[in-house]
Structures are given as structure tokens and as C-alpha cells.
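Working notes, structure below.
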Amino acid sequence: MKIGIFGLGYVGLTTGACMLRSGFDVIGYEISDIKRKELASGRVPLCEPGVGPVVIAGISEGRFRVADHPSKDDLPDVFFISVGTPSDDRGGTNLKAVNSVFSTLADMRSDLALKGSEIVLRSTVPPGTLEVFARKFEALFRVVPVAFYPEFLREGTAIKDFENPPQTVVGKLANSPNPTKLISIFEHLDFEYRVVDAVSAETLKFACNGFHALKICFANELGRIVSSFGGNPREVMELFVKDTQLNISPRYLLPGAPFGGSCLPKETRSLRNLSASRGLQTPTICSCEESNQSHFSYVIDCILALNPKRLAILGLAFKKDTDDIRESPTVEILYRLAAYGGIEFSVHDYLVRPETAFGVNQRLLDKLISLPKISFSNRVGEVLEGADTILIMHTDKRYELVTRNLECPIIDVARWEGMSRANTVGILESRRSSGAGVGIANKVSM
Ligand SMILES: NC(=O)C1=CN([C@@H]2O[C@H](COP(=O)(O)OP(=O)(O)OC[C@H]3O[C@@H](n4cnc5c(N)ncnc54)[C@H](O)[C@@H]3O)[C@@H](O)[C@H]2O)C=CC1
Ligand SMILES: O=C(O)[C@H]1O[C@H](OP(=O)(O)OP(=O)(O)OC[C@H]2O[C@@H](n3ccc(=O)[nH]c3=O)[C@H](O)[C@@H]2O)[C@H](O)[C@@H](O)[C@@H]1O
1 MKIGIFGLGY VGLTTGACML RSGFDVIGYE ISDIKRKELA SGRVPLCEPG VGPVVIAGIS
61 EGRFRVADHP SKDDLPDVFF ISVGTPSDDR GGTNLKAVNS VFSTLADMRS DLALKGSEIV
121 LRSTVPPGTL EVFARKFEAL FRVVPVAFYP EFLREGTAIK DFENPPQTVV GKLANSPNPT
181 KLISIFEHLD FEYRVVDAVS AETLKFACNG FHALKICFAN ELGRIVSSFG GNPREVMELF
241 VKDTQLNISP RYLLPGAPFG GSCLPKETRS LRNLSASRGL QTPTICSCEE SNQSHFSYVI
301 DCILALNPKR LAILGLAFKK DTDDIRESPT VEILYRLAAY GGIEFSVHDY LVRPETAFGV
361 NQRLLDKLIS LPKISFSNRV GEVLEGADTI LIMHTDKRYE LVTRNLECPI IDVARWEGMS
421 RANTVGILES RRSSGAGVGI ANKVSM
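The sequence shown runs 1 to 446 under the UniProt record's numbering.
Shown next as C-alpha cells:
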């Protein structure tokens with residue numbers, strides 16, 4: 001069986017690698033010339049453990065090909081759509097890329113029907129999206145099975161998650177046939193799956209990401225309360241998650257950094273936007289954004305309490321084991337601290353590299369490293385040299401080891417260590433009276 005994948009980003013390339021591992025041939029359709037060229041030259045334009053070697057081997061064996069659009073002489077049996085669905089200006093979902101893919105496929109509908117191809121939407125989309133596209137591209141949906149199959153992978157563990165998903169759900173429209181070829185892929189991978197209506201599958205995806213964000217907010221808010229009484233937030237929550245009868249899984253429940261990445265912030269904005277569009281009052285769900293912002297303020301206070309002059313920051317990506325800096329908490333913290341002036345930053349990450357960043361990540365990184373008083377390196381020793389304060393943002397054991405015997409103050413946000421706001425008020429006052437940070441002062445005071 002031949003698999004086609006639209007969008008060779010974090011999800012699309014992982015899907016490609018997993019399909020190759022399962023023995024299928026893959027054609028990736030990617031709109032970015034640079035990404036296509038990189039792949040054609042045997043370079044993988046992102047860091048995701050395990051993906052690179054499989055994709056490169058697939059390319060050299062001729063089992064992974066890359067093109068800008070499908071050709072009717074070389075049609076896949078199953079098309080996965082994994083293009084980006086970023087937030088729009090109002091917190092809704094920008095569906096332009098998905099629309100463009102459906103439009104391409106609609107133009108080829110007779111060839112797709114002849115081949116018996118199926119279309120599987122994997123991009124995260126708001127409830128009701130498949131129905132909207134079914135109306136818009138009615139002629140395509142009439143002759144080709146189209147399903148929504150939410151993706152539950154996490155960056156950094158994407159292959160593992162793809163091959164062992166927490167659950168497998170296929171959403172389809174009432175009058176659409178079962179996507180039998182897609183289901184035969186699951187059989188091969190030994191997945192259990194459930195077929196539900198498209199709106200349920202679309203909403204389930206938002207429910208999962210919204211709940212992940214909510215759990216993080218709860219853990220971080222509770223952490224702040226425990227800290228204020230002199231208790232140990234990690235200990236409290238480590239005990240809390242031991243109760244797996246009533247407290248569900250430990251994931252997302254250990255206090256640490258504010259949440260970030262390309263998904264949770266986007267989906268919390270989308271949920272607020274969806275509620276508002278239906279005139280619904282959903283204060284718990286809507287408060288996640290505010291709660292996360294207040295946690296940023298708390299972390300900033302803890303850093304400023306140490307009055308750093310030269311701050312070494314370990315971990316720039318939104319979490320360890322990825323090079324993705326989209327909505328990274330570290331990036332947000334850097335901008336907020338930079339607005340105060342007077343701090344020099346040296347930043348380390350094992351995987352983020354200016355020379356290998358692409359697309360949005362490249363633009364974000366270029367902007368960040370053009371900040372005054374910031375240096376960036378992939379050598380941790382270089383970054384630590386001369387630092388008077390250290391900020392650890394990733395739960396990476398290597399950071400624990402390399403900082404173990406250092407004498408300067410360390411704030412390990414990822415593990416909630418060294419987090420204290422003592423003396424913050426005095427420092428904020430003096431920074432404010434020197435005119436620094438006026439623009440964001442109200443965000444920082446709590
Ligand atoms: N990153 C993650 O951990 C997860 C993401 N998702 C969802 O999967 C989707 C993709 O996410 P990412 O892979 O992170 O995005 P990404 O931004 O890394 O990749 C999207 C790719 O699609 C390409 N593209 C855009 N329009 C195209 C078109 N018309 N034809 C072909 N290629 C096109 C872009 O150039 C880019 O390479 C989003 O809807 C996201 O919400 C779902 C689960 C996990
Ligand atoms: O829909 C998506 O796009 C994906 O979004 C997230 O995956 P991802 O953003 O790759 O990574 P996560 O591990 O969920 O991390 C997101 C944020 O939560 C934080 N986090 C994660 C786990 C945890 O236990 N605690 C915690 O604070 C991370 O540091 C990060 O800031 C979801 O968790 C995936 O299940 C989902 O498929």
C-alpha cells in the first residue's frame with residue numbers, strides 16, 4: 001500500500017517515518033521549497049527522536065519520495081492531511097492550508113475514485129469542520145471516503161506515541177463509507193479503534209488538549225499555594241498522582257513551567273473562541289489562558305527575586321527532545337525579562353540550532369537572537385561560564401548533572417526547585433524606579 005502525506009512538519013514526517021517502519025511506501029507533499037530541497041538532499045528539517053534516520057533511509061531506498069502536489073499517475077491508497085492549523089488573530093483556527101489541500105484533491109476526484117483512494121484528515125480542526133468541507137467539496141466527498149483521525153502524538157516522543165496511541169478514534173460523516181484502507185493500516189499496527197461521528201472525534205481532540213492544559217494550570221496553581229506555606233509542591237503532587245483510582249494519570253500534574261508548544265496554547269485559545277462563538281459560558285475552560293499567564297508572572301518574580309545580572313538559561317525549545325520553539329515558555333520568559341533591561345542572557349539548547357531551523361521556528365529564532373544582550377550556544381559549558389544565576393527550563397537529567405556542583409543560585413522551573421519570590425517586591429521597585437520594564441510592570445506584579 002502507498003501512503004500520501006500532505007505537510008511534512010512534526011506530525012507529517014513522524015507519520016511518514018512510522019508508515020515506512022510498517023513497510024509502506026510514502027509520498028510526502030510539502031508546499032515549502034526549502035523543506036523539499038532539504039529532504040531531497042537527505043537532510044531532515046526538524047529534530048524528532050528516531051524520525052531522521054528512518055526518513056533518510058526511506059529516501060535513499062526510493063521508498064520515501066517528496067513532491068509539491070500529487071500526480072494522477074502515482075496516486076496513494078491513503079492520503080493523510082497533516083498541514084498546520086495555527087491560531088488566527090482572534091484565537092480561532094486558521095484552516096487555509098486544509099482548505100487548499102481539499103481543493104487540490106477535489107480537482108483530482110475522478111482519478112481518486114478510480115484508484116479507490118481514501119482521505120484522512122489528521123490536522124487538529126474545530127468541531128464541525130469536516131461537515132463544512134463536505135458541503136464545500138460535495139463532489140469529492142460523494143466519491144471518495146473522507147475521515148477525521150485525530151493525532152495524539154507528543155513532540156519528543158512522537159514515534160512511540162504514534163505507534164502506541166492512548167486511543168484510536170476515527171470520525172466520519174453519517175453518509176460516508178468506512179475508510180477500509182485506513183482501518184487495514186491499524187490492523188497491521190495492532191490498534192484498537194472506534195468509529196464515531198466526525199463532530200465527536202473533532203471535539204475529543206480539543207477535549208484532550210484542553211484537559212492537558214487544565215491539569216497543568218491546576219498543578220501550577222496548587223504549587224504556588226503549597227510554596228507560599230513553605231511546603232514542597234512536587235512532593236504534594238507526587239503523592240496526589242499516586243492515587244490512580246480517583247486522580248487519573250500523573251501526566252501534566254507535576255508543578256513546573258507554564259505550558260507552551262504549538263498545541264496546548266493554540267487549543268485553549270480555540271476552546272475559548274468556540275465557546276464565545278456559541279454564546280456559551282465556560283469559565284473553567286476559559287480561565288486556562290489567564291492561569292497560565294499568571295504562572296509566567298510568578299516564574300518571572302522568582303527569577304527577579306535573585307536580581308540576576310548574567311542569567312544562563314538551559315532549555316530553549318518548548319520542552320526537551322525537540323527543536324520546536326513555537327510558543328516556548330522560555331521564549332516568553334526571555335522577552336518578559338528583556339523588557340526589564342539590565343540582564344545579560346546566555347541561552348543553551350541541545351537541539352535548537354540557528355543553522356538548521358526552518359519556517360516559523362527560523363523566524364522566531366532570528367528575532368530572539370537579535371535581542372540585545374543575548375548569546376546562544378549549543379555548548380552548555382560556554383553558556384554557564386560567567387553566569388551569576390541559572391534558570392533550568394527542561395526536565396533533562398543532563399542539566400541536573402552539569403549544574404550539580406555550581407555555587408550560584410539555580411531556579412529549576414521544570415522541577416520546581418529554587419522557586420521563591422522572597423525579596424521580589426524590593427527588586428521590582430528598584431527596577432521600576434530606574435525606568436526598566438515599565439511596559440510590562442502590571443503583568444509582573446502579583
Ligand atoms: N506538533 C504536534 O505535536 C501535533 C500537532 N497536531 C496537529 O497536526 C497539524 C500539523 O502540526 P505540525 O506538524 O506541528 O505543523 P508544522 O507546521 O510542523 O507542519 C505543517 C507542514 O505543512 C506544510 N504545508 C502547509 N500547507 C501545505 C499544503 N497546502 N500542502 C502541503 N504542505 C503544506 C507546511 O509547510 C509545514 O511543513 C496541526 O493541525 C496540529 O495542530 C496534532 C497532534 C500533535
Ligand atoms: O495535539 C497536539 O498537538 C498534541 O499536543 C500536546 O503535545 P505536545 O505539545 O507535543 O507536547 P506535551 O508533552 O503535551 O507538552 C505541552 C506542554 O505541556 C507541558 N507539560 C507536559 C507534560 C507534563 O506532565 N507537564 C507539563 O507541564 C510541556 O512542558 C509543554 O509546555 C498533547 O499533549 C498531545 O497529546 C497532542 O497530541
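All C-beta atoms, glycine included, are put in the ideal place defined by N, C-alpha and C.
Boundaries of the beta strand (DSSP E) in which residue i is found, first to last residue
i: T203; result: Run containing T203: none in the beta strand (DSSP E); it sits in the alpha helix (DSSP H), A198 to S228.
i: F80; result: V78 to I81
i: S346; result: E344 to H348
i: L311; result: R310 to L314
i: Y29; result: D25 to Y29
i: K319; result: Per DSSP, K319 belongs to no beta strand (DSSP E) and is neither H nor E.
i: E118; result: E118 to L121
i: residue 507; result: For residue 507 there is no data in the structure shown, the boundaries of the chain being 1 and 446.
i: F148; result: V146 to F148
i: I3; result: K2 to F6
i: V170; result: V169 to K172
Start and end residues, alpha helix (DSSP H) containing residue i
i: T15; result: Y10 to R21
i: V143; result: E138 to V143
i: K96; result: K96 to D107
i: I333; result: P329 to A338
i: G58; result: V51 to S60
i: R36; result: D33 to A40
i: K72; result: Note, K72: premise wrong, no alpha helix (DSSP H); not H, not E.
Cα-Cα separation between residue i and residue j, rounded to whole angstroms
i: T93; j: T157; result: 25 Å
i: M1; j: L246; result: 44 Å
i: Y10; j: T322; result: 10 Å
i: A147; j: V170; result: 7 Å
i: G4; j: R109; result: 15 Å
i: S291; j: N175; result: 42 Å
i: N232; j: H212; result: 22 Å
i: L368; j: L8; result: 25 Å
i: D190; j: R224; result: 43 Å
i: P53; j: E235; result: 39 Å
i: N442; j: L306; result: A caution first: N442 carries a pLDDT of 26, below 50, which makes its placement in the model unreliable, though a value can still be read off. Going from the Cα of N442 to the Cα of L306 covers about 20 Å.
i: N209; j: P165; result: 14 Å
i: E163; j: F345; result: 39 Å
i: F64; j: G58; result: 5 Å
i: V51; j: R43; result: 11 Å
i: G315; j: R272; result: 30 Å
i: R398; j: P76; result: 43 Å
i: S294; j: S375; result: 27 Å
i: L39; j: V226; result: 49 Å
i: A317; j: V143; result: 43 Å
i: R194; j: E202; result: 13 Å
i: A357; j: S228; result: 40 Å
i: P250; j: E118; result: 37 Å
i: M446; j: S287; result: Note on M446: pLDDT 22, under 50, position unreliable in the model; the coordinate value appears next. So the alpha carbons of these two residues sit roughly 17 Å apart.
i: G256; j: E400; result: 15 Å
i: T129; j: K319; result: 30 Å
i: T403; j: R336; result: 24 Å
i: K37; j: P308; result: 43 Å
i: residue 468; j: S370; result: Here the chain comprises residues numbered 1 to 446, so residue 468 is not present and cannot be evaluated.
i: L274; j: N405; result: 49 Å
i: K72; j: L140; result: 15 Å
i: P145; j: V101; result: 15 Å
i: V120; j: L253; result: 32 Å
i: Y149; j: K160; result: 17 Å
Residue-chain proximity (residue i, chain B), Cβ-Cβ < 7 Å
i: G230; result: No chain B appears in the structure shown, which is made up of a single protein chain.
Any non-hydrogen atom of ligand 4 closer than 6 Å to residue i Cβ
i: G7; result: Ligands displayed in this structure: ligand 1 and ligand 2; ligand 4 is not among them.
Inspect the CB distances between the region 299-306 and the region 328-338 and report whether three or more fall short of 8 Å. yes
Does the contact criterion of 3 or more C-beta pairs under 8 Å hold for the region 5-20 versus the region 74-81? yes
Is the region 109-124 in contact with the region 152-169, if contact means three or more CB pairs nearer than 8 Å? no
Across the region 40-54 and the region 341-361, are there enough close Cβ pairs to call them in contact, namely three or more that are closer than 8 Å? yes
My parser needs the beta strand (DSSP E) runs of 3 or more residues fully inside the region 365-406; what are they? 374-377 and 389-392
Stretch-stretch touch, CB-based, cutoff 8 Å, three pairs: the region 408-421 with the region 379-397: yes
Decide yes or no for the touch test of the region 265-279 against the region 116-130: beta carbon pairs closer than 8 Å, at least 3 of them. yes
Determine contact between the region 272-289 and the region 236-255, defined as no fewer than three beta-carbon pairs at a distance below 8 Å. no
Contact the region 181-201 vs the region 214-222: 3+ CB pairs below 8 Å: no
Please give the ranges of any beta strand (DSSP E) in the region 239-289, keeping only runs that are unbroken, at least 3 residues long and fully inside the region. none
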